[in-house]
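Chemist: Here the UniProt record's numbering is used: the first residue of the sequence shown is 1, the next is one more, and so on.
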Amino acid sequence: MDTNRKMKVYQSYNPQNQPMPEIRLKGKWLEESGFGIGQHIEVEIHNNTLIVKQRVIEEKT
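Have a look at this one:
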C-alpha cells in the first residue's frame with residue numbers, strides 16, 4: 001500500500017458564511033491503515049505538517 005497521498009484543500013464555509021479551508025480524508029486506505037469508522041483521532045500540527053493519530057477513549061464504568 002502507498003504511504004503517501006496527494007490531495008487538495010477545499011473551500012468550505014463556517015456558520016457565518018465565511019470561507020475556510022477543508023481537508024477531506026476518505027477511502028479504503030484509511031481502514032487498511034487502522035482508522036475505522038467511528039474511531040476517535042487526534043491531529044497535531046508541527047512546522048506545516050499535519051499528523052493524524054488514533055486516539056484511545058477509555059470508557060468509564
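Idealized CB from N, CA, C, for every residue including glycine.
Only a predicted model underlies this, so the values are computations on that prediction, with no experimental measurement involved.
1) What would DSSP say about Lys28, mapped onto helix, strand or coil?
2) What residue from Lys53, Thr49, Ile57 and Tyr10 has the CA that sits closest to Glu42's CA?
3) Where Tyr10 and Lys60 are concerned, what is the direct C-alpha to C-alpha distance, given to the nearest angstrom?
4) Return the chain-ordered ranges of every beta strand (DSSP E) run that is complete within the UniProt domain "Toxin SymE-like" (4-53) and spans a minimum of 3 residues.
Modeler: Let's see:
1) Note: Lys28 maps to helix in three-state DSSP.
2) Nearest of Lys53, Thr49, Ile57 and Tyr10 to Glu42, Cα basis: Lys53.
3) Tyr10 and Lys60: Cα-Cα distance of roughly 38 Å.
4) Runs found: 9-13, 19-23 and 41-46.
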